[in-house]
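**Q** Mapping of the sequence shown onto the UniProt record's numbering: position 12 corresponds to residue 12, and the numbering continues sequentially without gaps.
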Amino acid sequence: LPPSLPAGRDCLGCAKTGSGKTAAFVLPVLQVLSEDPFGIFCLVLTPTRELAYQIAEQFRVLGKPLGLKDCVVVGGLDMVTQALELARKPHVVVATPGRLADHLRSSSTFSLKKLKFLVLDEADRLLEQGCADFTADLELILENVPARRQTLLFSATLTATLSELRGLAANRPFFWEAESEVRTVAELDQRYLLVPEAVKDAHLVHLVQTFQDEHEDWSIIIFTKTCKDCQVLNMMLRRYKFPSVALHSMMKQKQRFAALAKFKSSIFKILIATDVAARGLDIPAVQVVINHNTPGLPKIYIHRVGRTARAG
């Protein structure tokens, strides 16, 4: 864990995928919360809904002895129910920027003015401009949190965007990097297979069948580039009687939760996902990650293969 978090300093943290970044901010927040629990104490922002629920689950488990109250605020679910939960002043709010900004625009039943911790998990993705540009929502959120707060930014990859964020973390910030170079963990066995595009899916079926024949209890994640590829691959594998389930952003939120729950509980051994699942999801039983396409950026590859060979 970065040693200066309890001392009240801001932090920009960078560590390999699977090294325990979530615990690096959950535990210090709970340590300070235990001294003086009140109101909305900590806000955690994250780019994906699934990661928000996973972080909330870690807060719930580690904060149970303190009687911790948490609230998850993400899109795809009922806003009225979320507004009622926010009005009850939970200690920790874990949110995606878009939905939290919607609540700030439409509701006056809660306040972030007494916030002590602001955490941006997967900060590089939250702050990069692209197809999911959170800039406007983040600006609104920052207007509603106090200037005197402890700001913690965490990511698995050190990008130019992240390294320029010292202005956001203005309270004597320090930079904590668990590893000086972006790389995969040493325990990961990595291999590649060069095949013609026309027979790529046939090789994929053979590869999955080989893994299942040799290791019946293994769980596999297959990453694809698009939602369409994800859906088509799932249909193909189901046609060949493989126990697979899809996870992508075109699915309704309840469908995504159900798919993830069935994979976690080993009802389905194969999860086919777009990069919506590549960030932060910690599913301990995953033994194999297959990239159906070559990721365009090294950091995307790092996050994808980081679903296996994880800490603990």
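Backbone N, C-alpha and C define an ideal beta-carbon position, used for all residues, glycine too.
These numbers come from a predicted model, not from an experiment.
Give the list of continuous beta strand (DSSP E) stretches no shorter than 3 residues that lie fully inside the region 52-104.
**A** 70-73, 92-95
**Q** Kindly give me the distance between the Cβ atoms of L112 and I55, rounded to whole angstroms, as I take these residues to be in contact under 8 Å.
**A** Contact flag wrong, Cβ pair sits at about 17 Å.
**Q** Expressed to the nearest angstrom, what Euclidean distance is found between the alpha-carbon atoms of L12 and L152?
**A** 6 Å
**Q** Quick one: is R148 buried, meaning 16 or more other Cβ sit within 10 Å of its Cβ, or exposed?
**A** Taking all protein chains shown into account, R148 has fewer than 16 neighbouring C-beta atoms within 10 Å of its C-beta and is therefore exposed.
**Q** Taking the CB atoms as reference points, tell me whether C14 and S155 lie closer together than 8 Å.
**A** yes
**Q** So what's T135 in DSSP terms, helix, strand or just coil?
**A** helix
**Q** Smallest Cα separation from L260: which of M251, L247, K252?
**A** L247
**Q** Where does G306 land, buried or exposed, given buried means 16+ other C-beta within 10 angstroms?
**A** buried
**Q** Is the beta carbon of Q287 less than 8 Å from the beta carbon of S244?
**A** no
**Q** Let me check one thing: in DSSP terms, what residues is A198 bridge-paired to?
**A** Beta-bridge pairing links A198 to no other residue.
**Q** Going by C-alpha distance, which of P28, L100, Q231, V94 is nearest A273?
**A** The shortest C-alpha to C-alpha distance from A273 to any of P28, L100, Q231, V94 is the one to Q231.
**Q** Does the Cβ-Cβ distance between Q253 and G76 come in under 8 Å?
**A** yes
**Q** Going by C-alpha to C-alpha distance, which of L84, I290, P196 sits closest to D189?
**A** I290
**Q** Below 8 Å, can you find three or more Cβ-Cβ pairs linking the region 107-127 to the region 83-94?
**A** yes
**Q** List the DSSP bridge partners of S155.
**A** C14
**Q** Whose C-alpha, out of K116, V72, G98, is nearest the C-alpha of R88?
**A** V72
**Q** Where do the ends of the alpha helix (DSSP H) carrying F257 lie?
**A** 253-264
**Q** Measure the CB-CB distance between D121 and T46 and report whether it falls below 8 Å.
**A** yes
**Q** Please report the distance separating the alpha-carbon of Q58 from that of A198.
**A** Each residue's Cα considered, the two are about 43 Å apart.
**Q** Could you tell me which of L62, K241, R49 sits nearest to A24, measuring between CA atoms?
**A** Per the C-alpha coordinates, the member of L62, K241, R49 positioned closest to A24 is L62.
**Q** Assign T294 to one of two classes, buried (16 or more other C-beta atoms within 10 Å of its C-beta) or exposed (fewer than that).
**A** exposed
**Q** In its own chain, which residues sit with a C-beta less than 6 Å from the C-beta of V119, not counting the 5 before and 5 after it?
**A** Closer than 6 Å at Cβ, skipping near neighbours: F25, V44, L152.
**Q** Taking the alpha-carbon positions, what's the L138 to F242 distance?
**A** 42 Å
**Q** By a C-beta neighbour count over all protein chains shown, 10 Å radius and 16 as the cutoff for buried, is K21 buried or exposed?
**A** Buried, because 16 or more other Cβ atoms sit within 10 Å of the Cβ of K21.
**Q** List the DSSP bridge partners of I300.
**A** The partner list for I300 (beta bridge, DSSP) is empty, contrary to what the question assumes.
**Q** For L297, which residues in the same chain have their Cβ closer than 7 Å to its Cβ, ignoring the five residues on either side in sequence?
**A** none
**Q** Which whole-angstrom value is the C-beta distance of H292 and L204, which I expect to be below 8 Å?
**A** Right, the Cβ-Cβ distance comes to about 7 Å (below 8 Å), so this counts as a contact.
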